[in-house]
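In my numbering, the protein residues as written are -18 to 323.
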C-alpha cells in the first residue's frame, strides 16, 4: 500500500494556502485561487510526493474547482471536512491564533489524526442544479426585501414617483430572473434520468411544489449515494445533540445545526404546508404539541420525518405514501430521541 503524505489547504476567494507534511517536515506555500494557481499547487504537491491526501474545509463554491482539479489527479485524494468539526479539533489542540498558514497546518493535522473520508464529486448536472437552486433562494430573499421597500415607499406621499417606479422595475427583474432560473433548472433535470425520476417523486409529496422540489433536489444531489438515512439527517443538521454531565447537569436536546443549512431551509416550507394540509403530518405535529412541545420543536420533528420520507422514495423508487411513515396518525415510534429544540 502506498504511503500517503498529508496536506491541508486553506481556501479563500482569491488565495490558497497549502501546508504539506512530508518526511516529518511541514512545508507551506501560497497560490492564487485560479485555474493556473490550482495547477501550481498540484505541481507543488507532486514535487514532494506522488501520493498525497489533501484536506480542505467545505467553503461553498470557493473551493469547488480546486477539489475537482485535485480529484482528477492520480495519487491525490481529497477530503472536504465539516468546518465545525475542524474548529472543534483546533480547540482540542489548543490552537488560539487564527491565520491562513496556521489554519492550513491545522487541516493537515486533522487529516493525519482523524478518519480520512474521501470526497465524492457530484456530477456536472448536480453542480449546476445546486448552483441554480441557491441562486433562486438568494433572488427570492432579495425579492422579499424589495417588496418591503416598495410597500414602505408607497405608504407615504413624500416618496417621489420615480422611486416607486424603479423599485417596481427592480422587483419585476428579480422575479423574471427567478422564472428563468427555474426554467433552466427544469432543463437540467430533464437531461438526467435519475434527476428526472427523483424530481417527479418529490412533486408527489404533499407540500412540495416545483420551487421546493428544485431546492431540495439541488441540495440532496450533493449527498454521497452510499449514505444511510441517519447520515442524511446528520447532513441536514437535524440530528440531536445531547448535553449531559452526571446527574445534575442536563440541557435540552437540540439539533446540531452542523449540517447543510440550505437543506434545512428547503425542508422548512414543505414541512409547514404538510402540517396544515396532510392528515398524517398534521396529526403527528398535533400529537407533539399536545405533549407540551413548542411549535418549533414539533415542526423540526416534522422536517426530520419528511426527510425520512424523501430518503425512502429515492431508495425504493416508489411514490410517497405517508402511511409508511406513520403506522397510525399519531404513531411516534420512529421518533425515538427526545423531541428536538431549536
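All C-beta atoms, glycine included, are put in the ideal place defined by N, C-alpha and C. Please read all numbers here as calculations on a predicted model, not as lab measurements.
query                                                                                                                                                                        : result
Identify every residue that forms a DSSP beta bridge with residue 36.                                                                                                        : -11 and 60
Just checking, does the stretch 291 to 306 make contact with the stretch 177 to 197 on the three C-beta pairs under 8 angstroms criterion?                                   : yes
Which whole-angstrom value describes the C-beta separation of residue -3 and residue -14, a residue pair presumed to lie in contact below a C-beta threshold of 8 angstroms? : No, residue -3 and residue -14 are not in contact; Cβ-Cβ is about 17 angstroms, not under 8 angstroms.
Just checking my contact of residue 0 with residue 86 at CB under 8 angstroms: how many whole Å lie between their CB atoms?                                                  : 4 angstroms
Looking at C-beta atoms only, is the number of pairs between the stretch 16 to 25 and the stretch 41 to 52 that lie closer than 8 angstroms three or more?                   : yes
Hey, residue 114 and residue 199 are a contact pair by Cβ (cut 8 angstroms); roughly how many whole angstroms apart?                                                         : 3 angstroms
Which runs of the alpha helix (DSSP H) spanning at least 4 residues fall entirely within the stretch 144 to 184, listed in chain order?                                      : 174 to 184
Just to confirm the assignment, what range does the beta strand (DSSP E) spanning residue 11 have?                                                                           : 6 to 13
Would you call residue 243 buried or exposed, if buried means 16 or more other Cβ atoms sit within 10 Å of its Cβ?                                                           : buried
Just verifying my parser: in three-state terms, what is the DSSP assignment at residue 274?                                                                                  : coil
Helix, strand or coil for residue 306? Go by DSSP, reduced to three states.                                                                                                  : helix
Where does residue 274 land, buried or exposed, given buried means 16+ other C-beta within 10 angstroms?                                                                     : buried
For residue -2, does the three-state DSSP call read helix, strand or coil?                                                                                                   : strand
What would DSSP say about residue 224, mapped onto helix, strand or coil?                                                                                                    : Because residue 224 sits at a pLDDT of 45, beneath the cut-off of 50, its placement in the model cannot be relied upon, and the point is left open.
So what does DSSP say about residue 66, is it helix, strand or coil?                                                                                                         : helix
Do residue 192 and residue 163 have their C-beta atoms closer together than 8 angstroms?                                                                                     : yes
By how many angstroms is the C-alpha of residue 84 removed from the C-alpha of residue 72?                                                                                   : 12 angstroms
Which of helix, strand or coil does DSSP assign to residue 3?                                                                                                                : strand
Do residue 54 and residue 88 have their C-beta atoms within less than 8 angstroms of each other?                                                                             : no
Which residue's Cα is closest to the Cα of residue 158: 172, 118 and 81?                                                                                                     : 118
Only counting the same chain, and skipping five residues up and downstream in sequence, which positions put a Cβ closer than 8 angstroms to that of residue 197?             : 183, 189, 244, 247, 248, 251 and 291
Measure the C-alpha to C-alpha separation of residue 195 and residue 136 and round it to an integer number of angstroms.                                                     : 35 angstroms
Taking the beta carbon of residue 232 as the centre, do at least 16 other beta carbons fall within 10 Å, making it buried, or is it exposed?                                 : Residue placement at residue 232 is poorly supported in this model, since its pLDDT is 47, which falls under 50; the coordinates are not used for a value here.
Which residue comes first and which comes last in the alpha helix (DSSP H) that contains residue 86?                                                                         : 81 to 94
Would you kindly work out how many angstroms separate the C-alpha atoms of residue 284 and residue 169, rounded to a whole number?                                           : 27 angstroms
For residue 9, tell me which candidate among 25, 15, 276 and 34 has the shortest Cα-Cα distance.                                                                             : 25
For the alpha helix (DSSP H) that contains residue 365, what are its first and last residues?                                                                                : For the chain, the structure presents residues -18 to 323; residue 365 sits outside this window and is missing.
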